[in-house]
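Trainee: Would you mind keeping the following structure in view while I ask a few things?
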Amino acid sequence: MPTFRHCAVMARFTSPLPVQAMDKSPAVIARISEPVIVHRPAERRSPLLAASPHSGRTYPPDLLAQSVLPLDQLRRSEDAYVDSLIAAAPGLGITSIIAPFPRVFIDPNRSTKELDPVLFPDMAVSPGAATPHVQAGLGIIPRVSAGGHALYQGPLAGVEAKKRIADYYRPYHGAIDVEMKSARDIFGNAILLDFHSMPAIAAGSVDIVLGDRHGSACGGEIMATVEAAFREQGFVVRRNRPYAGGYTTACYGKPDQSRHAIQIEINRGLYLNEETVTRSGTFPATREKIEAVLRSLVQEKWS
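This note's numbering puts the first residue of the sequence shown at 16, with every later residue one more than the last.
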């Protein structure tokens, strides 16, 4: 488990927000004042944590100045509004951890070793850095958008990568690490629900994909309980295909240490107009179902 620093002074810790307050949050162009937002419940009732690493929609002006793509194309890389889908979590007794920065700026679901040598030719790159993600241009700092379009005119300076990792990536992971340790201290274990969304075309007829790295990141009974909670709400659920869980799931999912992690992919067709990156008419119903899933899980006797 890597050690992450600086989260205590850089994270913003808040009381639960009303769901409506998070429901009208379009993308904004602004300096990011806090690299991670942690919503802590008034009363913590469960070892569950709910995270949304890819729904950030605050775009720094410097990023827009560097990128050759307009904002509407950059936004298609978001797991748009997933933070709004899980907005009820703190009110139910679950801590939520939100990354406000956009995925195209820096991706928290990657290892710091996954630096793209094409984008940062002046940096020493780890021998293990040439992962499929990096080769596709989707390393810790993406070179291309989700649609495969180049984000920049050319390479970036290595100092830019170091700054983004230090100022945004490490505080985000530091917050997760702190909350996981706290949950385990209080309840005897910690369970990270890492929420994402997947393109409707990739999801097909599946509503939810649960990834536990094929059983290595989460205890079997916990995985079965989470799956059952989604099925009870009428969702069509599949395990580990096509998404078995990324860096975050592997990093924090250590069942032998009473730390469990599940990556949860939500079919965007259930709540989003992918072309315009706006909420569809079915957004409220899907949000209510996700809230019901979380409410059910809070009531479980985790041990």
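We put the CB at the ideal spot given by N, CA and C, even for glycine.
Please report the Cβ distance between residue 97 and residue 281, rounded to the nearest whole angstrom; I am assuming they are in contact, meaning their Cβ atoms lie under 8 Å.
Mentor: Contact between residue 97 and residue 281 is confirmed by a C-beta separation of about 7 Å, below the 8 Å threshold.
Trainee: Less than 7 Å separating the beta-carbons of residue 137 and residue 173?
Mentor: yes
Trainee: Can you check whether the CB of residue 275 is closer than 7 Å to the CB of residue 255?
Mentor: no
Trainee: Going straight from the alpha carbon of residue 10 to that of residue 82, what length do you get?
Mentor: Limits of the chain in this structure are 16 at one end and 318 at the other, which puts residue 10 out of reach.
Trainee: Which whole-angstrom value is the C-beta distance of residue 86 and residue 42, which I expect to be below 8 Å?
Mentor: Between residue 42 and residue 86 the Cβ distance is about 7 Å, and since that is below 8 Å, they are a contact.
Trainee: Between the Cα of residue 132 and the Cα atoms of 114, 123, 154, which residue gives the shortest distance?
Mentor: The shortest C-alpha separation from residue 132 is found at 154.
Trainee: Name the one or two DSSP bridge partners that residue 209 has.
Mentor: 66, 278
Trainee: Give the single residue among 217, 312, 91 whose Cα lies nearest to the Cα of residue 206.
Mentor: 312
Trainee: Which residue comes first and which comes last in the beta strand (DSSP E) that contains residue 297?
Mentor: For residue 297, there is no enclosing beta strand (DSSP E), as DSSP marks it with neither H nor E.
Trainee: What are the start and end residues of the alpha helix (DSSP H) that includes residue 111?
Mentor: Careful: residue 111 lies outside any alpha helix (DSSP H), inside the beta strand (DSSP E) at 110-113.
Trainee: Which runs of the alpha helix (DSSP H) fall wholly inside the segment 150-208 and span at least 4 residues, in chain order?
Mentor: 173-179, 185-202
Trainee: By how many angstroms is the C-alpha of residue 273 removed from the C-alpha of residue 286?
Mentor: 33 Å
Trainee: Run through the DSSP bridge pairs and tell me what residue 226 is partnered with.
Mentor: 278
Trainee: Let me know the secondary structure DSSP gives residue 314 once reduced to three states.
Mentor: coil
Trainee: Quick one: what's got a C-beta closer than 6 Å to residue 302's C-beta in the same chain, skipping five residues either side?
Mentor: 100
Trainee: DSSP three-state label for residue 61, please.
Mentor: coil
Trainee: Where residue 320 and residue 111 are concerned, what is the direct C-alpha to C-alpha distance, given to the nearest angstrom?
Mentor: In this structure the chain extends from 16 to 318, so residue 320 is not present and cannot be described.
Trainee: Identify whether residue 237 lies in helix, strand or coil by the three-state DSSP scheme.
Mentor: helix
Trainee: Tell me the DSSP secondary structure of residue 361 in three-state form.
Mentor: Lying outside 16 to 318, the shown extent of the chain, residue 361 is not represented and no answer is given.
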